[in-house]
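Numbering (full-length UniProt numbering), first residue to last: 1 to 143. Backbone N, C-alpha and C define an ideal beta-carbon position, used for all residues, glycine too. Some notes on the structure that comes next.
Right, here's the structure in full:
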């Protein structure tokens, strides 16, 4: 990946709906160059898809939490399969350090969130959990 690829990704990260012609004009390259780069970025898996990034107005209706999980040895696959079955669990990351999983959870109410946290904490193989409720998002650079 070179500077042009990174510039393309930067523009798409800000606005995934930007046209190929607009990208070419802004980056001062031929439209065919942008099209070829996009195709290569897609086929190599650098670009996995184009999506909508929800704004604060859409996120206000959901309560979000980060959950830190410590897992029993050799229980990771079993816990992960059970987490996949919980629709409120949006993301699961493995980590280095004192915890094994970092989860992103979202629910429509504190009551639902509380139930999900209880369900996660009671899973066989989960040694411990810590929940961090998101109060606000100060900035979001995620692509």
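Which residues share a DSSP beta bridge with residue i?
i: residue 43; result: BP columns for residue 43 are empty, so no partner.
i: residue 20; result: According to DSSP, residue 20 bridges with nothing at all.
i: residue 8; result: In DSSP, residue 8 forms no bridge with anything.
i: residue 132; result: 66
i: residue 126; result: 71
Roughly how many angstroms lie between the CA atoms of residue i and residue j, to the nearest whole one?
i: residue 73; j: residue 100; result: 10 Å
i: residue 4; j: residue 124; result: 48 Å
i: residue 65; j: residue 87; result: 14 Å
i: residue 132; j: residue 30; result: 47 Å
i: residue 109; j: residue 33; result: 48 Å
i: residue 28; j: residue 140; result: 28 Å
i: residue 114; j: residue 2; result: 46 Å
i: residue 111; j: residue 136; result: 19 Å
i: residue 95; j: residue 79; result: 15 Å
i: residue 17; j: residue 25; result: 15 Å
i: residue 116; j: residue 23; result: 43 Å
i: residue 48; j: residue 20; result: 17 Å
So with Cβ pairs under 7 Å, would you call residue i a contact of chain B?
i: residue 45; result: Among the protein chains of the structure shown there is no chain B, as only one such chain exists.
In chain order, what residues of the same chain lie with their CB nearer than 7 Å to the CB of residue i, ignoring the 5 residues before and after it?
i: residue 128; result: 70
Taking 6 Å as the limit between beta carbons, can you name the residues of its chain near residue i, skipping five residues before and five after?
i: residue 89; result: 83, 103, 105
i: residue 91; result: 104
i: residue 134; result: 64
i: residue 41; result: 47
Using a Cβ-Cβ cutoff of less than 8 Å, which residues in the same chain neighbour residue i once the five nearest sequence positions on both sides are dropped?
i: residue 61; result: 108
i: residue 45; result: none
i: residue 130; result: 67, 68, 99
Taking only heavy atoms of the ligand FAD into account, decide whether any of them is closer than 6 Å to the Cβ of residue i.
i: residue 3; result: What this structure holds is no ligand at all, so the ligand FAD is not there to describe.
> For the 8 Å Cβ check, are there 3 or more pairs between the region 68-84 and the region 114-125?
Replying inline: Cβ pair count under 8 Å is three or more, so yes.
>> Restricting to runs no shorter than 4 residues, where is the alpha helix (DSSP H) found entirely within the region 61-123?
In response: For the region 61-123, whole alpha helix (DSSP H) runs of length 4 or above, ordered along the chain, are 76-84, 110-121.
>> Check whether the region 92-112 and the region 27-39 are in contact - that is, three or more C-beta pairs closer than 8 Å.
In response: No, the region 92-112 does not touch the region 27-39.
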